[in-house]
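Chains as they are written, first to last, in our numbering: chain A, 1 to 86; chain B, 1 to 345.
Quick notes on the structure that follows.
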Amino acid sequence: MPSATTSVRGVLYKSATGAPVGGAIVMIAEGSYEHPDIAAQTDDQGNFSLPELRVPGTYTLLINYSNESKRLTVNLTKDSVLRIPL
Amino acid sequence: MKPKSFSETLRSPKNGNDKEPMVATAPTPSRIENLPGQSFMGMASETETEIEQVEGFGLTKPGEADKEMYNRLDTEIETESDYASTLEESGTEVTEEEGESAFARDAFFASYPELYEKSLSEVIIGTDERVRITPTTSFPWRAICALRITAQNGKTFLGTGFLISPRTVITAGHCVYLHAEGGWPRKIEVIPGLNDAARPYGSYVGTSFRSVTGWVSGKKREYDYGCIILPRTSRPGDRTGIFGFAVKDNAYLLNAYLNTAGYPGDKGGNQQWFMVSKAKSVAPRIIYYEIDTMGGQSGSPVWVKVGNSRLAVGIHTNGHISGNSATRIVQPVFTNLQAWKNQGM
Chain A
1 MPSATTSVRG
11 VLYKSATGAP
21 VGGAIVMIAE
31 GSYEHPDIAA
41 QTDDQGNFSL
51 PELRVPGTYT
61 LLINYSNESK
71 RLTVNLTKDS
81 VLRIPL
Chain B
1 MKPKSFSETL
11 RSPKNGNDKE
21 PMVATAPTPS
31 RIENLPGQSF
41 MGMASETETE
51 IEQVEGFGLT
61 KPGEADKEMY
71 NRLDTEIETE
81 SDYASTLEES
91 GTEVTEEEGE
101 SAFARDAFFA
111 SYPELYEKSL
121 SEVIIGTDER
131 VRITPTTSFP
141 WRAICALRIT
151 AQNGKTFLGT
161 GFLISPRTVI
171 TAGHCVYLHA
181 EGGWPRKIEV
191 IPGLNDAARP
201 YGSYVGTSFR
211 SVTGWVSGKK
221 REYDYGCIIL
231 PRTSRPGDRT
241 GIFGFAVKDN
251 AYLLNAYLNT
261 AGYPGDKGGN
271 QQWFMVSKAK
281 SVAPRIIYYE
291 IDTMGGQSGS
301 PVWVKVGNSR
311 LAVGIHTNGH
321 ISGNSATRIV
331 QPVFTNLQAW
341 KNQGM
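Given below as structure tokens:
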């Protein structure tokens with residue numbers, strides 16, 4: 001089945017309090033397919049989008065926030081909405 | 001994880017390698033950006049052909065993929081393009097007290113320890129060989145711009161661009177047209193030579209964008225390029241100098257040192273980082289390399305240094321563990337860049 005490109009949406013929040021994490025930078029570090037080298041920044045509600053990703057596919061996200069970083073690997077589909085605790 | 005072989009990636013028809021054979025060897029005509037102590041290995045290539053099989057062929061009529069598309073024209077004076085007969089457009093350095101030697105002393109050696117910094121293994125192909133550029137006030141670094149993109153839907157993104165005229169900032173198509181984020185952005189803030197909190201050349205907001213049919217309507221990776229035309233009163237290129245750009249053949253690209261610098265998100269997006277390498281391979285409209293890049297570097301120039309000239313030959317757009325890549329400046333791209341340059345004079 002040919003894959004399509006889409007924007008994958010997500011939200012970052014603090015695992016301890018549930019509060020949204022704004023101002024974090026989210027990007028793709030590795031993936032099943034080549035991906036745009038653009039980075040997303042979370043808004044005040046912790047929301048972000050990663051545009052033009054070929055799905056379905058497996059991608060490793062890199063998240064930079066407050067001088068810390070986190071990586072996680074996720075399987076993405078057209079309708080994926082990520083909720084990521086930090 | 002061991003990636004699939006690069007030759008396997010290259011044989012994929014979606015990469016455009018089905019149309020044109022690759023070239024293995026040629027003289028090395030370019031120089032690297034004053035980076036002593038680094039060695040670089042070229043890669044021999046082989047000639048292969050396959051049956052054409054282009055994904056999504058019907059989306060754009062043949063020959064129209066490089067047709068210009070834009071969101072607005074009202075910040076520029078439209079002029080007749082004076083197309084040169086040669087496919088090379090020179091840049092200007094803008095003479096200041098800092099020359100290239102200043103980079104060698106200040107940027108490279110001041111940052112040299114970073115060369116050995118351990119980084120995230122999956123982000124970087126092999127060892128992280130990026131070098132931080134600081135200060136960013138000498139050419140060509142000051143002509144490279146951090147981009148703060150606000151999409152139509154309010155989402156924000158980080159990218160990179162480079163000046164080719166006083167008001168023309170070249171970048172990736174996906175920085176100026178985001179298909180699932182409302183298309184053309186609301187605005188893009190352009191910050192030449194951003195260096196942590198320092199904005200030595202100020203910042204400028206652009207709302208007039210250009211790309212081409214192949215990207216906007218066709219969504220094809222091979223046409224992923226565009227530009228920002230800044231308002232008439234915003235002319236950072238007058239102070240920073242500008243990149244030239246050129247069309248180079250396969251043999252040249254496979255043997256040239258390719259430089260790139262941009263604003264990677266894993267470094268916070270406020271620092272400029274540089275790396276140089278030879279191309280791994282070239283496709284008719286894409287250049288592949290093992291230059292380390294990260295999210296936020298979309299739109300970075302990929303340039304060759306010949307004497308004192310810096311000529312962009314590609315626009316960095318994509319990352320992948322088997323090879324990062326740029327939209328190659330071929331004749332139709334060159335023609336559009338030349339027209340956009342004239343619009344930003």
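Ideal placement from N, C-alpha and C gives every residue a C-beta, glycine not left out.
State the DSSP-derived secondary structure class of residue i, mapped to helix, strand or coil.
i: residue 34(A); result: coil
i: residue 233(B); result: coil
i: residue 162(B); result: strand
i: residue 308(B); result: coil
i: residue 338(B); result: helix
i: residue 272(B); result: strand
i: residue 347(B); result: Because chain B here runs from 1 to 345, residue 347(B) falls outside it and cannot be looked at.
i: residue 173(B); result: helix
i: residue 57(A); result: strand
i: residue 215(B); result: helix
i: residue 41(A); result: strand
i: residue 240(B); result: helix
i: residue 289(B); result: strand
i: residue 210(B); result: strand
i: residue 333(B); result: helix
i: residue 64(B); result: coil
i: residue 142(B); result: helix
i: residue 79(A); result: coil
i: residue 151(B); result: coil
i: residue 345(B); result: coil
i: residue 181(B); result: helix
i: residue 67(A); result: coil
Applying the 10 Å Cβ sphere with the 16-neighbour rule, what's the burial state of residue i?
i: residue 66(B); result: buried
i: residue 27(A); result: buried
i: residue 72(B); result: exposed
i: residue 147(B); result: buried
i: residue 267(B); result: buried
i: residue 246(B); result: buried
i: residue 297(B); result: buried
i: residue 345(B); result: exposed
i: residue 220(B); result: buried
i: residue 81(A); result: exposed
i: residue 328(B); result: buried
i: residue 72(A); result: exposed
i: residue 37(A); result: buried
i: residue 281(B); result: buried
i: residue 155(B); result: buried
i: residue 308(B); result: exposed
i: residue 78(A); result: exposed
i: residue 240(B); result: buried
i: residue 292(B); result: buried
Bridge partners of residue i, per DSSP?
i: residue 263(B); result: Bridge partners of residue 263(B): none, in fact.
i: residue 85(A); result: 13(A)
i: residue 318(B); result: 36(A) and 325(B)
i: residue 302(B); result: 260(B) and 314(B)
i: residue 132(B); result: 273(B)
i: residue 222(B); result: The partner list for residue 222(B) (beta bridge, DSSP) is empty, contrary to what the question assumes.
i: residue 137(B); result: For residue 137(B), which the question treats as bridged, DSSP gives no partner whatsoever.
i: residue 69(B); result: 211(B)
Give the single residue among the options whose Cα lies nearest to the Cα of residue i.
i: residue 40(A); options: 274(B), 282(B), 159(B) and 71(B); result: 159(B)
i: residue 207(B); options: 217(B), 234(B) and 286(B); result: 234(B)
i: residue 312(B); options: 133(B), 201(B) and 260(B); result: 260(B)
i: residue 53(A); options: 71(A), 42(A), 47(A) and 75(A); result: 75(A)
i: residue 173(B); options: 332(B), 337(B), 299(B) and 201(B); result: 299(B)
i: residue 66(A); options: 35(A), 21(A) and 77(A); result: 21(A)
i: residue 248(B); options: 342(B), 286(B), 194(B) and 145(B); result: 286(B)
i: residue 175(B); options: 226(B), 194(B) and 309(B); result: 226(B)
i: residue 277(B); options: 325(B), 138(B) and 184(B); result: 325(B)
i: residue 30(A); options: 323(B), 240(B) and 204(B); result: 323(B)
i: residue 283(B); options: 269(B), 330(B) and 341(B); result: 330(B)
i: residue 210(B); options: 310(B), 320(B), 178(B) and 193(B); result: 178(B)
i: residue 64(A); options: 321(B), 269(B), 306(B) and 204(B); result: 269(B)
i: residue 46(A); options: 69(A), 32(A), 14(A) and 57(A); result: 14(A)
i: residue 152(B); options: 186(B), 193(B), 135(B) and 164(B); result: 186(B)
i: residue 258(B); options: 236(B), 288(B), 265(B) and 190(B); result: 288(B)
i: residue 171(B); options: 93(B), 306(B), 229(B) and 236(B); result: 229(B)
i: residue 188(B); options: 139(B), 252(B), 301(B) and 157(B); result: 157(B)
i: residue 68(B); options: 166(B), 93(B), 212(B) and 201(B); result: 212(B)
i: residue 184(B); options: 200(B), 165(B), 64(B) and 216(B); result: 216(B)
Going along chain C in order, which residues have a C-beta closer than 8 Å to the C-beta of residue i?
i: residue 6(A); result: Absent from the structure is chain C; the protein chains it does hold are A and B.
Against chain B: residues of the region 29 to 45 of chain A by CB proximity under 8 Å: Taking 8 Å as the Cβ-Cβ cut-off against chain B, the residues of the region 29 to 45 of chain A that qualify are 29, 30, 31, 33, 34, 35, 36, 37, 38, 39, 40, 41 and 43.
Residues in the region 16 to 30 of chain A having any Cβ partner in chain B nearer than 7 Å: Of all residues in the region 16 to 30 of chain A, the ones placed with a Cβ closer than 7 Å to any Cβ belonging to chain B are 25, 27, 28, 29 and 30, in chain order.
Residues, ordered as in the chain, of the region 172 to 198 of chain B that lie near chain A by beta-carbon distance below 9 Å: Those would be 172, 174, 175, 178, 179, 180 and 181, in chain order.
Near-chain A residues of the region 284 to 315 of chain B (beta-carbon distance less than 9 Å), N- to C-terminal order: Correct list: 293, 294, 295, 296, 297, 298, 299 and 300.
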